[in-house]
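According to my numbering, the stretch in the sequence shown is residues 43 to 259, in order.
Everything below concerns the one structure shown next.
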Amino acid sequence: MIQLAPSILSADFSRLGEDVKKIETAGAHLIHVDVMDGHFVPNISYGATVMKSLCGKTQMPFDVHLMIENPDQYIGDFVTDQTEYITVHQEACPHINRTLQHIRSLDVKPGVAINPGTPVSALDYVLEDADLILVMSVNPGFGGQKFIPSALRKAQELKVLREKRGLNFRIEIDGGINVTNAKSVIDAGVEILVAGSSVFKADDVPTRVKEFLEIFE
Ligand code: DX5
Ligand code: ZN
Numbered sequence: 043m044i045q046l047a048p049s050i051l052s053a054d055f056s057r058l059g060e061d062v063k064k065i066e067t068a069g070a071h072l073i074h075v076d077v078m079d080g081h082f083v084p085n086i087s088y089g090a091t092v093m094k095s096l097c098g099k100t101q102m103p104f105d106v107h108l109m110i111e112n113p114d115q116y117i118g119d120f121v122t123d124q125t126e127y128i129t130v131h132q133e134a135c136p137h138i139n140r141t142l143q144h145i146r147s148l149d150v151k152p153g154v155a156i157n158p159g160t161p162v163s164a165l166d167y168v169l170e171d172a173d174l175i176l177v178m179s180v181n182p183g184f185g186g187q188k189f190i191p192s193a194l195r196k197a198q199e200l201k202v203l204r205e206k207r208g209l210n211f212r213i214e215i216d217g218g219i220n221v222t223n224a225k226s227v228i229d230a231g232v233e234i235l236v237a238g239s240s241v242f243k244a245d246d247v248p249t250r251v252k253e254f255l256e257i258f259e
């Protein structure tokens with residue numbers, strides 16, 4: 043099943059609850075929560091307090107994307123009954139197996155993200171430990187950037203590796219996703235599409251969600 047994970051980074055924070063309700067009613071599957079610390083990426087977004095304000099306001103699970111240095115120190119803050127995935131960056135974790143085990147020990151599915159400049163081979167020894175691999179298709183830090191096509195090749199490589207090694211992780215893509223390139227990323231093997239500006243900056247948000255879902259069928 044292909045899933046849409048709208049990123050609330052592009053939502054209207056003065057009425058976040060309403061924006062989230064809109065995408066949920068239209069059929070979005072997950073809420074993508076982009077956490078930026080101004081160190082690992084050159085921007086600061088929001089933290090666990092904002093995410094937790096949505097607990098109970100929506101049934102959608104949280105898909106947490108930590109773009110932060112030293113994520114181990116903050117992982118616990120993002121664990122709620124609604125947290126399905128917590129994803130950390132390969133580039134930010136010197137002891138990544140330990141970090142992934144830590145996430146799993148909190149009953150949350152662990153994910154690993156790779157920046158556009160990081161090869162899939164950097165994940166060789168952690169693929170077994172992750173439930174999700176997030177391929178960044180922009181340099182993380184900002185919404186509204188242009189899709190970097192080499193991400194497609196990474197998704198294809200991951201799909202081949204998963205089959206060859208009999209693994210189960212899901213493949214997610216994040217950055218510059220829109221209704222024009224959605225089909226090509228699905229064809230490359232992606233199962234979870236993050237979309238920020240293309241969803242929340244649309245003239246009609248529910249219609250945009252439905253357009254994505256039609257492409258998934
Ligand atoms: C980028 C974030 C993305 C971002 C996606 O650093 O990880 O999740 O919000 O936004 P769009 O879809 O606008 O590229
Ligand atoms: Zn993200």
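Note that beta-carbon positions come from the ideal geometry of N, C-alpha and C, so glycine has one too.
None of these values were measured; they are calculated from a predicted model.
Between Gly153 and Leu174, the beta carbon gap of about 3 Å places them in contact (Cβ cut-off 8 Å).
For Asp149, the closest of Leu51, Thr122 and Thr160 by C-alpha to C-alpha distance is Thr122.
Under the three-pair Cβ rule at 8 Å, the region 156 to 163 does not count as touching the region 107 to 118. Not one heavy atom of ligand 2 falls within 6 Å of the beta-carbon of His71. In this structure, ligand 1 has a non-hydrogen atom nearer than 6 Å to the beta-carbon of Pro182.
Taking C-beta atoms under 8 Å as the contact rule, Phe55 and Val75 fail to qualify, at a distance of about 13 Å. According to the DSSP assignment, Lys151 belongs to the beta strand (DSSP E) that extends over Lys151 to Ile156. Where His131 is concerned, the enclosing beta strand (DSSP E) starts and stops at Thr125 to His131.
Taking 7 Å as the cut-off, the Cβ atoms of Val221 and Ala197 do not count as close. For Ser179, the closest alpha carbon among the candidates Ala244, Leu72, Ile213 and Gln101 is that of Ile213. As for any alpha helix (DSSP H) of minimum length 4 sitting wholly inside the region 204 to 236, the runs are 224 to 229, ordered along the chain.
Checking the DSSP bridge columns, you'll see Ser49 partnered with His74.
DSSP, reduced to helix, strand and coil, places Thr91 within a helical segment of the structure shown. Under the criterion of beta carbons closer than 8 Å, Ile215 and Leu200 do not qualify as touching, at roughly 10 Å. Between Gly185 and Leu51, the gap from beta carbon to beta carbon is short of 7 Å. When the beta-carbon positions are compared, Ile65 and Val227 stay at least 7 Å from each other.
Ranked by Cα distance from Gln124, the first of Ala53, Ser95, Ser147 and Glu253 is Ser95.
Asp245 is classed as exposed because its beta carbon has fewer than 16 other beta carbons within 10 Å across all chains shown. In terms of CA proximity to Thr100, Ala68 leads the group Val241, Arg204, Ala68 and Asn223. Distance check between Val130 and each of Ile190, Asn181 and Ala172 places Ala172 closest, using alpha-carbon atoms only.
With a cutoff of 6 Å, His107 counts as near ligand 2, since its C-beta is closer than that to a heavy atom of the ligand.
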